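Chemist: Starting off with a structure, shown below.
Next up, the structure:
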């Protein structure tokens, strides 16, 4: 099976126009992934390339437009480039021996806690001065002098550089059920088959959960909520995991002595910061009728009659508060301007990487805006949040 894009190490390549970013990517991949030209601004949008980079593993390279692009569409390209930072796990700054204003992006790396290295390209054309090199080394210990077009060992050198800065979580990949289960434990997965369920298939979090439970040698039983009661007559599970939309019914069926949570809450921990999301739901209590709530969806899908984001969550919040605040929506990778919102509610983030969610949490925190997620919001509005998060805070 191919590793999901959302689980790959995202490596962003940044730098000025014509610094050789695309040449670096092509050298690493040994393919003509990006167009290379002496003409400035050749890369106009983010070019993505998935590959297995030994011994790092599955990665997703993000080749960006120049951060000093002065073309007609330059500003839009720069904005697109900077938006990529929110989903960058590790950054490569490609510069040249002259070193210019491109160094300023390092402040963005630090602001978003992105580990980075510096590659000084085109050293075959010009030598870097001792003073400039010393300056780069004062910014990071991870500096490489090379030529993308002439250095036959460039891939090995870059891999060694990346290995020094890759976060530990990618060396020891976190698991969905980390710390929750033991081999031979029984897990019941409640999977509603409703309008949001793709015909003939399961949604991604359900598939990932099943695969991991098999890998961990757990005994797994998948049922619809209508058969849950019958299933509990057959087995006594160590854990019940439900789709958040069936939380209320499942909570009524599952005995209090059995741990219960949702796929969305599992992914809130896997992809983000569960404690931050739990704290964020407290912000709902201060939302007034004229306040705005932003609901974020990572993936694009056709809105249905009883859509969880546009129908069910607003309905639950209205019932909880006794009035209906204003709801606005945003779908996709680019994090919107969040000033003016009283609360942010994020989806389960199955289609995006952990760095993007952590970046959004960080930005929201700096602006003093509470942020939470679907599963936590639903369980809170139903009055069962303490039960839904008990598996994580009792281990």
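Residue numbers (my numbering): 1006 to 1400. Backbone N, C-alpha and C fix where the C-beta goes; we use that ideal spot for every residue, glycine too. All values derive from a computational prediction rather than experimental measurement.
#1: Looking only at C-alpha atoms, which of 1158, 1291 and 1398 sits nearest to residue 1279?
#2: Specify, as a first and last residue, the run of the alpha helix (DSSP H) that residue 1273 falls within.
#3: Buried or exposed: where does residue 1086 fall if 16 or more other Cβ atoms within 10 Å of its Cβ makes it buried?
#4: Which of the three DSSP states is assigned to residue 1210 in this structure?
#5: Nearest to residue 1108 by alpha carbon, out of 1142, 1128 and 1131?
#6: Taking 6 Å as the limit between beta carbons, can you name the residues of its chain near residue 1335, skipping five residues before and five after?
#7: So, does the stretch 1152-1159 touch the stretch 1187-1197, judging by three or more C-beta pairs under 8 Å?
#8: Is the separation between the beta-carbon of residue 1154 and that of residue 1162 shorter than 8 Å?
#9: Are the Cβ atoms of residue 1118 and residue 1273 separated by less than 8 Å?
#10: Around the C-beta of residue 1356, are 16 or more other C-beta atoms found within 10 angstroms, so that it is buried, or is it exposed?
#11: Which of helix, strand or coil does DSSP assign to residue 1065?
#12: Does the beta-carbon distance from residue 1240 to residue 1226 come in below 8 Å?
#13: Using a 10 Å radius around the Cβ and a threshold of 16 neighbouring Cβ atoms, would you call residue 1316 buried or exposed?
#14: Are the CB atoms of residue 1381 and residue 1365 nearer to each other than 8 Å?
#15: In angstroms with no decimal places, state the Cα-to-Cα distance between residue 1288 and residue 1346.
#16: Would you give the residue range spanned by the alpha helix (DSSP H) that residue 1124 belongs to?
#17: Is it true that the stretch 1262-1276 meets the stretch 1381-1396, where meeting means three or more beta-carbon pairs spaced less than 8 Å apart?
#18: Which one or two residues does DSSP pair with residue 1281 in a beta bridge?
#19: In its own chain, which residues sit with a C-beta less than 6 Å from the C-beta of residue 1247, not counting the 5 before and 5 after it?
#20: Just the C-alpha distance for residue 1228 and residue 1359, rounded to the nearest angstrom, thanks.
#21: Roughly how many angstroms lie between the CA atoms of residue 1147 and residue 1352, to the nearest whole one?
Modeler: Quick answer:
#1: Start at 1 with the first residue of the chain shown, and residue 1279 comes out as number 274. Comparing Cα positions, the closest option is 1398.
#2: Here residue 1273 corresponds to residue number 268 of the chain shown, with the count starting at 1. First-last of the alpha helix (DSSP H) with residue 1273: 1268-1276.
#3: Taking the chain shown and counting its residues from 1, the one referred to as residue 1086 is at position 81. Buried, because 16 or more other Cβ atoms sit within 10 Å of the Cβ of residue 1086.
#4: Numbered from 1 along the chain shown, position 205 holds the residue referred to as residue 1210. It is helical.
#5: Indexing the chain shown from 1 puts residue 1108 at position 103. Minimum Cα distance to residue 1108 is reached at 1142.
#6: What you label residue 1335 is simply residue 330 of the chain shown in a count that begins at 1. Within the same chain, residue 1335 has close Cβ partners 1301 and 1341.
#7: no
#8: To locate residue 1154, count along the chain shown from 1; it is residue 149. To locate residue 1162, count along the chain shown from 1; it is residue 157. Not in contact: residue 1154 and residue 1162 (Cβ atoms no closer than 8 Å).
#9: Locating residue 1118 in the chain shown gives position 113, counting from the first residue. Locating residue 1273 in the chain shown gives position 268, counting from the first residue. In this structure, residue 1273 does not lie closer than 8 Å to residue 1118 by Cβ.
#10: Translated into the one-based positions of the chain shown, residue 1356 becomes position 351. By the neighbour-count rule (16 or more Cβ atoms within 10 Å), residue 1356 is buried.
#11: In the chain shown, residue 1065 corresponds to position 60, counting from 1. Here residue 1065 sits in strand by DSSP.
#12: In the chain shown, residue 1240 corresponds to position 235, counting from 1. In the chain shown, residue 1226 corresponds to position 221, counting from 1. Yes, these two residues count as a Cβ contact at 8 Å.
#13: Sequence index remark: in the chain shown, residue 1316 carries index 311 (1-based). By the neighbour-count rule (16 or more Cβ atoms within 10 Å), residue 1316 is not buried but exposed.
#14: Reading the chain shown from its first residue, position 376 is the one you call residue 1381. Reading the chain shown from its first residue, position 360 is the one you call residue 1365. Not a contact, by the Cβ cut-off of 8 Å.
#15: Position 283 of the chain shown, counting from 1, holds the residue named residue 1288. Position 341 of the chain shown, counting from 1, holds the residue named residue 1346. Spanning the two alpha carbons is a distance of roughly 11 Å.
#16: Indexing the chain shown from 1 puts residue 1124 at position 119. Careful: residue 1124 lies outside any alpha helix (DSSP H), inside the beta strand (DSSP E) at 1121-1125.
#17: yes
#18: The residue you call residue 1281 lines up with position 276 of the chain shown. DSSP lists no partner for residue 1281.
#19: In the chain shown, counting from the first residue as 1, residue 1247 sits at position 242. Closer than 6 Å at Cβ, skipping near neighbours: 1195, 1255 and 1267.
#20: Position 223 of the chain shown, counted from the start, is the residue given in the question as residue 1228. Position 354 of the chain shown, counted from the start, is the residue given in the question as residue 1359. Cα to Cα, residue 1228 sits roughly 29 Å from residue 1359.
#21: Sequence index remark: in the chain shown, residue 1147 carries index 142 (1-based). Sequence index remark: in the chain shown, residue 1352 carries index 347 (1-based). Using only the alpha carbons, I get a separation of about 36 Å.
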